[in-house]
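To keep things clear, I will list the structure first and then write my remarks on it.
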């Protein structure tokens, strides 16, 4: 495990197993991807989808940061799910519950059109399972306009905090102060059809 | 506007005004903060709170990345709110609605204990408005163990996508395919008290 991917702070929260990593990646829509540009960090959000042993990023092949990612520069892609507010009897011991993963490496660019189409299909399936079967396939021109890069899930670390507050012992006598966790839940709202959708066409089934 | 903070891709989505920036920052619990370590990017999540014209980050003064941030290294702090899945009649035109902001700069470290306590109080207020009045203040020892860094909101860009899909004209004849937006909503779940909370103590009032 390289030093850069070893969690140093609160090491008891560290996780290095693929099951934990995969669960975090599969629960997120966006990765924050950092690259170095002219010696300074640039961090931008990208729609992401884990496909097997890689994290797939995609975008226009005219997008500046994505073309940097595709150029073999070192990349750090970080995904965080915030699960709740942890309220202790002090600010110092208050916290958040979260699951976070940082992947370090160099992305490979997918040039084979068959593999590219397959990965983009997987991205759609990740966005909304079943959706791909309802829409047309990607055209040759669209494939050419799209840059697809994949980051291997080999060098990573994850960090997980769960459970209630860990108050200082002397604060626990204040039993009149509420302590605990307020969960944060992300859910789908009511689907909003656009004007081109014929009346009566059912919205895609969603569950989360 | 420096080149690094000018949105080049889909420039019509770009925003450079403080009102947009502040609304994004005030809606987020976590910023993904990138720094350069040994020439490679490192991106980690930090609880964040906008206080006036700065984004306040805090943590243990033994935390590796935070001490880098405090050392005057260039920082990029990025915040993203995902608002919905945008379903077009093709994968290519499918998208997400989101609001994102990237702040570039160098953070200042807060050493004055009075200012430090004030900023940490503001962080608690951001986490849950009104909470600070219910708990004890930060002790001298806790202040000393905490590193507080503030990034000025001077060099930033924001990007916003909203509204329905923008399908290719030739795809809109397929009126039997549902197109539109599935909103993503983050909300509070039922508060979970810990064992040290006396029965009957009301949970903090939450609204979002």
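Chains as they are written, first to last, in the working numbering: chain C, 12 to 219; chain Y, 12 to 219.
In this text, a Cβ means the ideal position worked out from N, Cα and C, and glycines have one as well.
Original post:
Taking 8 Å as the CB-CB cut-off, is residue 165 (chain C) touching chain Y?
Top reply: no
Subject >> Distance, residue 82 (chain Y) Cα to residue 107 (chain Y) Cα >> reply: 36 Å
Subject >> Closest Cα partner of residue 61 (chain Y) within the set Y:37, Y:180, Y:76, Y:48 >> reply: Y:37
**OP:** Consider the Cβ of residue 80 (chain C): report whether some Cβ of chain Y lies at a distance smaller than 8 Å.
**Re:** no
Original post:
For the region 134-147 of chain Y, which residues have a CB atom closer than 8 Å to at least one CB atom of chain C, in sequence order?
Top reply: 134, 135, 138, 139, 142, 143, 145, 146, 147
Subject >> Span separating the alpha-carbon of residue 115 (chain C) from that of residue 187 (chain C) >> reply: 46 Å
**OP:** Could you tell me whether the Cβ atoms of residue 68 (chain Y) and residue 192 (chain Y) are closer together than 8 Å?
**Re:** no
Subject >> Partner residues on chain Y for residue 124 (chain C), Cβ-Cβ distance less than 9 Å >> reply: Chain Y residues near residue 124 (chain C): none, gap ~14 Å exceeds 9 Å.
Original post:
Applying a beta-carbon distance threshold of less than 7 Å, which residues of chain C neighbour residue 153 (chain Y)?
Top reply: 103
**OP:** Name the two residues that bound the continuous alpha helix (DSSP H) containing residue 80 (chain Y).
**Re:** 75-81
**OP:** For residue 216 (chain C), decide whether its Cβ has a neighbour in chain Y, counting only Cβ atoms nearer than 8 Å.
**Re:** no
**OP:** Can you tell me which of Y:126, Y:209, Y:143, Y:104 puts its alpha carbon nearest to the alpha carbon of residue 177 (chain Y)?
**Re:** Y:104
Original post:
What is the residue span of the alpha helix (DSSP H) that residue 131 (chain C) lies within?
Top reply: 124-138
Subject >> Length of the line joining the Cα atoms of residue 130 (chain C) and residue 164 (chain C) >> reply: 16 Å
Subject >> Proximity below 8 Å, CB of residue 54 (chain C) to CB of residue 43 (chain Y) >> reply: yes
Original post:
Given a limit of 8 Å on CB to CB distance, which residues of the region 22-50 of chain C reach chain Y?
Top reply: 40, 41, 43, 44, 45, 46, 47, 48, 49, 50
**OP:** Go through its chain and collect everything with a Cβ distance to residue 28 (chain C)'s Cβ below 7 Å, but skip five positions before and after it.
**Re:** none
Subject >> Residue nearest to residue 204 (chain Y) in terms of C-alpha spacing, selected from Y:196, Y:198, Y:213 >> reply: Y:213
Subject >> Chain-ordered neighbours of residue 100 (chain Y) on chain C, where CB pairs are closer than 9 Å >> reply: 145, 146, 147, 207
**OP:** Please decide whether residue 204 (chain Y) counts as near chain C, where near means a Cβ-Cβ distance under 8 Å.
**Re:** yes
**OP:** Inspect the beta-carbon positions of residue 158 (chain C) and residue 79 (chain C) and report whether they are closer than 8 Å.
**Re:** no
**OP:** Have a look at Y:101, Y:99, Y:194, Y:84 and flag the residue whose alpha-carbon is nearest the alpha-carbon of residue 120 (chain Y).
**Re:** Y:84
Original post:
Given that residue 62 (chain C) touches chain Y, what residues does it touch there, using C-beta distances under 8 Å?
Top reply: Neighbours of residue 62 (chain C) on chain Y: none; closest Cβ ~14 Å, over 8 Å.
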